[in-house]
Each structure stands twice: as structure tokens, then as C-alpha cells.
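K.L.:
From first to last, the protein sequence lines stand for chains A and B. Every letter in the first sequence is one number past the one before it in numbering that gives the first Met the number 0, and letter 77, counting from 1, is 76. Every letter in the second sequence is one number past the one before it in numbering that gives the first Met the number 0, and letter 158, counting from 1, is 157. One structure is given below, represented as C-alpha cells, and several questions about it will come after.
Number of protein chains: 2
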Amino acid sequence: MTVTEEFLRNNETYAAGFSGPLPLPPSKHIAIVACMDARLDVYRALGIEEGQAHVIRNAGGAVTDDVIRSLTISQRLLGTTEIVLVHHTDCGMLTFTDDEFTRAVQDDTGIRPAWAPESFRDPHEDVRQSLRRIETSPFVTKTTSLRGFVFDVASGELEETVPAA
Amino acid sequence: MTVTEEFLRNNETYAAGFSGPLPLPPSKHIAIVACMDARLDVYRALGIEEGQAHVIRNAGGAVTDDVIRSLTISQRLLGTTEIVLVHHTDCGMLTFTDDEFTRAVQDDTGIRPAWAPESFRDPHEDVRQSLRRIETSPFVTKTTSLRGFVFDVASGELEETVPAA
């Protein structure tokens with residue numbers, strides 16, 4: 000049995016106890032941008048209930064153009080105004096450099112990716128520059144609160160990143 | 000009190016009961032690509048425990064270059080091999096066209112986004128073309144299982160998308 004099949008069986012149990020539907024716009028008017036890391040269950044870690052928050056996730060929690068796209072849609076069409084960024088300790092993005100990764104992919108596939116892998120050396124520093132990417136985006140214009148945090152995978156705690164002066 | 004502050008208080012409760020750390024690589028060797036929709040709690044809907052699966056999310060669950068970046072890192076560095084795509088009913092991406100959205104952003108900000116908003120008209124059709132984007136990516140090369148689903152926000156059930164012939 001694949002893991003996919005195992006998860007589909009889990010979904011049958013979930014659906015049996017499901018009470019929907021909820022409204023489309025997030026009831027708490029907030030969007031979370033977090034790393035895809037398996038250990039970070041964003042809903043549980045922040046106490047989010049279904050229907051309350053948009054959750055955007057990718058490798059590193061990087062604020063890429065795709066995250067700007069998602070935040071633009073979230074704010075303009077679905078009324079979110081707060082944004083929370085979550086990076087974390089022991090992140091896979093700390094274990095390589097962009098040059099190394101791009102070289103390995105090219106060696107293996109014959110093609111150099113046109114995208115930056117978005118590795119980083121310090122989670123707080125990367126949260127800081129991610130906050131700046133959002134602050135300087137011309138498209139994310141409805142923000143009333145923007146804060147960034149590093150989730151500690153050992154303790155489950157969030158430590159806030161001090162923004163650049 | 001902002002919602003961010005409310006979520007930070009929730010995190011204190013979460014951390015108090017936290018037992019970590021878990022290993023970095025997803026123990027179930029699987030990555031989920033899902034829409035950012037607030038009503039879709041991916042961990043609960045699929046019965047995922049912390050540490051088991053990468054969870055990648057954006058507006059629509061679109062397989063953008065950023066998702067390819069995340070999947071490439073997930074497979075090459077962290078050993079995932081299965082992929083599950085999850086779109087859903089009543090999606091915000093069904094409520095506008097790319098032209099309308101781009102025009103509205105340009106009218107409002109004076110700038111036309113260089114990215115496609117990635118709206119779609121039918122969730123299953125969009126899952127189908129998303130599956131194809133992954134199948135044809137030169138960088139996502141370790142896949143042993145690739146399946147796509149539409150989550151029903153009224154029932155909590157997943158309906159599988161039949162791939163293109």
C-alpha cells in the first residue's frame with residue numbers, strides 16, 4: 000500500500016466527522032507564509048481552526064514571486080490584512096548552497112534550473128529579508144500587521160525576528 | 000489584540016505540550032501540494048502526523064516554478080518520492096479570470112504583474128494540467144506515485160482526478 004492510499008483511508012475517517020461548508024474568505028483575515036517542513040503543523044502550532052487563515056508554504060518559506068502572487072490574491076480577493084512568516088531551526092535550506100544545488104541538478108539532468116534554490120545561512124536573517132520582500136512589493140498593499148518568526152523544532156516555540164532598523 | 004498575538008498565545012499552549020525534535024526528512028517520503036484555502040487543514044484532512052510529509056501550498060495549489068523548486072528540493076535532498084495534489088471545490092481561483100485580475104492590479108498600483116494569477120474554470124481540469132506540469136518537469140525525477148484530488152469543502156471528501164489519457 001502506498002502512503003497516498005494510507006492517507007486516503009485517513010480522509011474517509013476525517014470526512015465521516017466533517018461539518019462543513021465554511022465561508023470562503025478566511026474569518027481571521029490573516030495569511031501565514033511558512034516552510035514546507037514536515038515537522039511544522041502550522042494549524043496546530045498556531046492554534047488555527049479550519050476557515051480562519053490562508054496557509055502558504057514552500058521550501059524555506061521563501062517569499063518568492065509565487066508567494067507574492069498568493070498574498071496578492073489573498074488580500075485583494077479574500078480580504079486578509081495580517082501576514083505572519085514562519086521559518087524554523089534545523090531547516091533543510093541551511094544544508095546546501097545555491098551553487099552546489101544548481102550544479103548537482105545540472106550534472107544530473109543536463110539542465111540548469113532558471114530559478115534560485117533560495118538556500119540561506121541564518122533563519123532570522125532570512126526572515127528579515129523576507130519581510131523586506133513583502134514590504135517592498137508593489138502588489139501586497141493591504142497589510143496592517145507583518146511579523147516574522149523562527150519556529151524551534153526542538154521546543155515548538157516561536158521566536159520573533161527583529162526587523163531591520 | 001491582533002490575530003497574530005492571539006496565535007502567539009495559542010503557540011505557548013502548543014509548545015507546553017510539545018515533544019520534539021523529530022528528524023528532518025519526511026518519514027513517509029511524500030510531498031503534498033495543496034491550495035492555501037483556509038478550510039483545507041491538510042494534516043487533519045489526510046491524517047498526517049508531524050514529521051511525515053512536506054506540505055507545499057499556494058493560491059490554487061498551482062504547480063508553478065516555485066512548486067517545482069520545492070518538489071526538486073524535497074525529492075533530491077530529503078528523499079520524498081510520492082506526490083499528492085489537492086485542489087478543492089468553491090475555490091477563489093474560480094471567481095475571476097487572469098485578465099480581470101491583472102487589469103485590476105494594474106489599475107490600482109500602476110504596475111502589471113509579470114506573473115500569471117493562475118485562475119482556472121474547473122478544479123479537475125486544473126488538477127489534470129497540474130499533474131502534467133509535474134510529469135513533464137525535467138527536475139522532479141524521483142516520483143514513484145503521482146495522484147491528484149479535489150477536496151469537497153462541503154463533505155470533507157477527496158475525489159480523485161482521472162489523469163489525461
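Glycine included, C-beta positions come from ideal geometry on N, C-alpha and C. This one's a predicted model, so the numbers in the text were calculated from it and none came from an experiment.
Going by DSSP, what residue range makes up the beta strand (DSSP E) through Leu84/B?
P.N.:
By 1-based counting over the second sequence, the position of residue 84/B is 85. Glu81 to His87 is the span of the beta strand (DSSP E), which, as asked, contains Leu84/B.
K.L.:
Can you tell me whether Phe95/B is helix, strand or coil according to DSSP?
P.N.:
Translated into the one-based positions of the second sequence, residue 95/B becomes position 96. It is coil, neither helix nor strand.
K.L.:
Taking the beta strand (DSSP E) that Ile146/A belongs to, which residues open and close that run?
P.N.:
On the first sequence, position 147 is the one that residue 146/A refers to. It should be noted that the sequence gives Arg, not Ile, for residue 146/A. From DSSP, the beta strand (DSSP E) with Arg146/A extends over Ser144 to Phe150.
K.L.:
Counting only beta-carbon atoms, is Glu49/A nearer than 8 Å to chain B?
P.N.:
Taking the first residue of the first sequence as position 1, residue 49/A is located at position 50. Answer yes: the Cβ-Cβ gap between Glu49/A and chain B drops below 8 Å somewhere.
K.L.:
At 3 residues or longer, and completely inside the stretch 46 to 71 of chain B: list those beta strand (DSSP E) runs for me, N to C.
P.N.:
52 to 57
K.L.:
Please classify Thr135/A as buried or exposed, where buried requires at least 16 other C-beta atoms within 10 Å of its C-beta.
P.N.:
Translated into positions along the first sequence, residue 135/A becomes position 136. Exposed, because fewer than 16 other Cβ atoms sit within 10 Å of the Cβ of Thr135/A.
K.L.:
Got a sec: which bits of the stretch 9 to 24 of chain A sit with their beta carbon under 9 Å from any beta carbon on chain B, in order along the chain?
P.N.:
Asn9, Asn10, Glu11, Thr12, Tyr13, Ala14, Ala15, Gly16, Phe17, Ser18, Gly19, Pro20, Leu21, Pro22, Leu23 and Pro24
K.L.:
Hey, is Lys167/A's beta-carbon within less than 8 Å of any beta-carbon in chain B?
P.N.:
Here chain A covers residues 0 to 164 and nothing more, so residue 167/A does not appear.
K.L.:
Just the Cα atoms here: how many angstroms apart are Asp125/A and Phe6/B?
P.N.:
Within the first sequence, residue 125/A is the residue found at index 126, counting from 1. Within the second sequence, residue 6/B is the residue found at index 7, counting from 1. Cα-Cα distance, rounded: 22 Å.
K.L.:
List, in chain order, every chain B residue whose beta-carbon is nearer than 7 Å to that of Arg56/A.
P.N.:
The residue labelled residue 56/A in the question sits at position 57 within the first sequence. In chain order: Val54, Ile55 and Arg56.
K.L.:
Sorted by chain position, which residues of the same chain lie with C-beta nearer than 8 Å to Leu23/B's C-beta, five sequence neighbours on each side aside?
P.N.:
For this step, residue 23/B is matched to residue 24 along the second sequence. The residues are Leu77.
K.L.:
Could you check where the beta strand (DSSP E) with Ala33/A kicks off and where it finishes?
P.N.:
Here residue 33/A refers to the residue found at position 34 when the first sequence is read from its first residue. That run of the beta strand (DSSP E) goes Ile29 to Cys34.
K.L.:
What is the DSSP secondary structure of Leu77/B, counted as helix, strand or coil?
P.N.:
In the second sequence, counting from the first residue as 1, residue 77/B sits at position 78. Three-state result, Leu77/B: helix.
K.L.:
What's the call for Thr94/A, buried or exposed, on a 16-neighbour Cβ count within 10 Å?
P.N.:
Stepping through the first sequence from its first residue, residue 94/A is reached at position 95. Label assigned to Thr94/A: exposed.
K.L.:
Using the three-state DSSP reduction, which class does Glu117/A fall into: helix, strand or coil?
P.N.:
As a first step, residue 117/A is located in the first sequence; it is residue number 118 there, counting from the start. Coil.
K.L.:
Could you name the residues that DSSP lists as bridge partners for Glu4/A?
P.N.:
Here the question's residue 4/A lines up with position 5 in the first sequence. Glu4/A is not bridged to any residue.
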